[in-house]
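J.:
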Amino acid sequence: TIIYVITPTYRRPEQVAELTRLSQTLMLVPDLHWLVVEDAVSPTRRVLSFLDSCSVPHTYLLGTASRRYKGANKPRGVSNRNAGLKWVKVHAKDGVIYFADDDNTYDYRIFDEIRMTRQVSMFPVGLVTRLGVSTPIVSSGKLVGFYDGWIAGRRFPVDMAGFAVNVQFYLKRNAPLMPYSVGFEEDGFLKALRIKPEEIEPLAENCTKILVWHTRTVKTQPAVKMPDTDKVTKTNLHHLK
Ligand code: UGA
Ligand code: MN
């Protein structure tokens, strides 16, 4: 069973560092296809050259967010994920879909679990909200609820990194896309899959193990430009005498 990992990414100084870290986790996973989807009008050269020497089987796509969605209330990564989903619809017949943001931290062992997904699986995600974890609640092997710092009336109060979807099941449900609604992307997508909460497959030892973390990278100083646009000034050089 092949795992389609859909990773939204966008141009910023940290981008290649994030992709490097993630790719070196994915290198430990067999039977995986990495969809790197960039929110950009044209490809970032540095990303293409990174992928050139990346040993993880991959496809590069553009998934540009429309101008309408720029700014503070922009649902980040949705246009990218939807471009990835459209690719899956065209190119895949079976396998499992997983959304992996470029800045999160993944234990490679989560992928062995994800591979077993028959419809929709779920598992805990660490470092989400002040609670420190977002997780399905499991009793006698069945999902009975959710623990999350922001329930907000959602049927599925889960993080983007906390679930996986079987491709055949996804296609049978007419391949829905993710809605552009900040905070409700996961819930909207999972509702569109018409899965009942009690049908969810709990992974990670009945959701008792954290194998994924919603880490966030500190931004480099705002004044720091992208390396290729940064001017080299004399005061930054020290020549050996
Ligand atoms: C949280 C959720 O975990 C995301 O799944 C969700 O998309 C996001 O909030 C949101 O709805 O705002 P967070 O860590 O706050 O994630 O967001 P980022 O990591 O900044 O962005 C999520 C993904 O989208 C990343 O893979 C990032 O590379 C990508 N992104 C971000 C873009 O493609 N374009 C952007 O302008 C910003
Ligand atoms: Mn993030």
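In terms of the UniProt record's numbering, the sequence shown has 156 at position 18, counting the first letter as 1, and numbering is strictly consecutive. Cβ coordinates follow ideal geometry from the N, Cα and C atoms, glycine included.
Using three-state DSSP, classify Tyr148 as helix, strand or coil.
T.: In the structure shown, Tyr148 sits in coil (DSSP, three-state: anything other than H, G, I, E or B).
J.: Does the pairing of the region 281–290 with the region 259–273 give three or more beta-carbon distances under 8 Å?
T.: Output reads yes: the region 259–273 touches the region 281–290.
J.: Within the same chain, show all residues whose beta-carbon is closer than 6 Å to that of Asn218, passing over the 5 residues directly before and after it, in chain order.
T.: Cβ neighbours of Asn218 beyond the five flanking positions: Pro146, Val175, Asp177, Gly201.
J.: Given this structure, state the Cα-to-Cα distance separating Arg206 from Lys212, to the nearest angstrom.
T.: Spanning the two alpha carbons is a distance of roughly 8 Å.
J.: Evaluate contact between the region 255–263 and the region 166–173, counting only Cβ atoms and requiring at least three cross-stretch pairs below 8 Å.
T.: The region 255–263 vs the region 166–173: no contact.
J.: Return yes when at least one heavy atom of ligand 2 lies under 7 Å from the C-beta of Asp177, else no.
T.: Asp177: no, Cβ never under 7 Å from ligand 2.
J.: Find the nearest neighbour of Tyr236 within the set Thr243, Phe294, Phe301, judged by alpha-carbon distance.
T.: Selected option, being the one with the closest Cα: Phe301.
J.: To the nearest angstrom, how far is it from the Cα of residue 122 to the Cα of Gly215?
T.: No statement about residue 122 is possible, as the shown extent of the chain runs from 139 to 379 and does not include it.
J.: Mind checking whether Phe314 and Phe294 have CB atoms under 8 Å apart?
T.: Looking at the sequence provided, one finds Pro at residue 314 rather than Phe. Cβ distance not < 8 Å, so Pro314 and Phe294 don't count as in contact.
J.: Of all residues in the structure, which have a C-beta closer than 7 Å to any heavy atom of ligand 2, taken in chain order?
T.: Those satisfying the condition are, in chain order, Asp239, Asp241, Asn242, His352, Arg354.
J.: Could you check where the alpha helix (DSSP H) with Leu173 kicks off and where it finishes?
T.: Looking at the DSSP string, Leu173 is not in any alpha helix (DSSP H); the run it does join, the beta strand (DSSP E), is 170–176.
J.: Count the other CB atoms, across all protein chains shown, that sit within 10 Å of the CB of Tyr244; report buried if there are 16 or more and exposed otherwise.
T.: Answer is buried; the Cβ neighbour count reaches 16.
J.: Report the residue ranges of all alpha helix (DSSP H) runs contained in full by the region 154–224; include only those spanning at least 4 residues, in chain order.
T.: The region 154–224 contains these whole alpha helix (DSSP H) runs: 183–190.
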